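Chemist: Heads up: the sequence lines are chains A and B, in that order.
Mapped onto the working numbering, the consecutive letters of the first sequence carry residue numbers 6 to 120.
Mapped onto the working numbering, the consecutive letters of the second sequence carry residue numbers -9 to 100.
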Amino acid sequence: NAGVTQTPKFRILKIGQSMTLQCTQDMNHNYMYWYRQDPGMGLKLIYYSVGAGITDKGEVPNGYNVSRSTTEDFPLRLELAAPSQTSVYFCASSNGGLAGGDEQYFGPGTRLTVT
Amino acid sequence: DQQVKQNSPSLSVQEGRISILNCDYTNSMFDYFLWYKKYPAEGPTFLISISSIKDKNEDGRFTVFLNKSAKHLSLHIVPSQPGDSAVYFCAGGGNEKLTFGTGTRLTIIP
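(1) Which of the three DSSP states is assigned to residue 22(A) in this structure?
(2) Taking residue 33(B) as the query, report the chain A residues whose CB atoms sit under 7 Å from its CB, ordered along the chain.
(3) Going along chain B in order, which residues have a C-beta closer than 7 Å to the C-beta of residue 85(A)?
(4) Taking residue 94(B) as the query, report the chain A residues whose CB atoms sit under 8 Å from its CB, ordered along the chain.
(5) Starting from residue 48(B) and walking both ways along the beta strand (DSSP E), at which residues does that stretch end?
(6) Name the residue from 88(A), 71(A) and 86(A) whose alpha carbon lies nearest to the alpha carbon of residue 80(A).
(7) Should residue 57(A) and residue 73(A) be called a contact, given that it needs their Cβ atoms to be closer than 8 Å?
(8) Quick check: residue 29(B) and residue 76(B), are their CB atoms within less than 8 Å of each other?
(9) Applying a beta-carbon distance threshold of less than 9 Å, which residues of chain A neighbour residue 58(B)?
(10) Should the region 87 to 95 of chain B be regarded as contacting the region 38 to 52 of chain A, the criterion being three or more beta carbon pairs within less than 8 Å?
(11) Let me see if you follow: with CB-CB separation under 8 Å, is residue 24(A) close to chain B or not?
Right, here's the structure in full:
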């Protein structure tokens, strides 16, 4: 099992460009999440999904969009990149959500720089 | 509003001794608390969790204690090993979401 995979590992964007961060999990998990981690800070939830076709906003959704057309994939879209979006982005998945205290499995992260 | 706080950005502990990492929270609605460990250039990995109805959970060298009246939890690692050097995040869970603290960098001194 590969677990949670993310591509690309690194990316440099110019202000105003757009890109999609890819996330795929092979554990058949219903729940998927996108976080960002800024230096010296904890992870902040951007968007999450409780199943295919269902997405919801987290703590910091502005400037991002998501879709969940399949159980496996949960791409994160940046439409107009801004320097404030420079961060490390982590995708995660879990089996039963947090009602049962299920752990989240994280991908290795995508380091994004916007200049 | 920081709902989960880890007030010690760093901690150094001698190998073989006990490491104690602390976490405070303000949200009484958290159902679960989890600890994650993170190495550089990797995603966080799950360590241990505790339900809000319990006060202790143990898994090998790792024990998490929860004091609900003080809104405080701690992670004990005994004995500490060099491979434990990492950043540790505590998180509170509720409504299908996790709220993370800012992390504590633990360094185990050989």
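Positions of the beta carbon are idealized from the N, C-alpha and C atoms, including for glycine.
The structure displayed is predicted, hence computed values, not measured ones.
Modeler: Taking the definition as stated:
(1) coil
(2) 95, 111, 112, 113 and 114
(3) Per Cβ cutoff of 7 Å: no residues; residue 85(A) is ~26 Å from chain B at best.
(4) Within 8 Å Cβ-Cβ: nothing; residue 94(B) doesn't reach chain A, min ~11 Å.
(5) 46 to 49
(6) 71(A)
(7) yes
(8) yes
(9) Residues of chain A passing the Cβ test: none, with the nearest at roughly 15 Å.
(10) yes
(11) no
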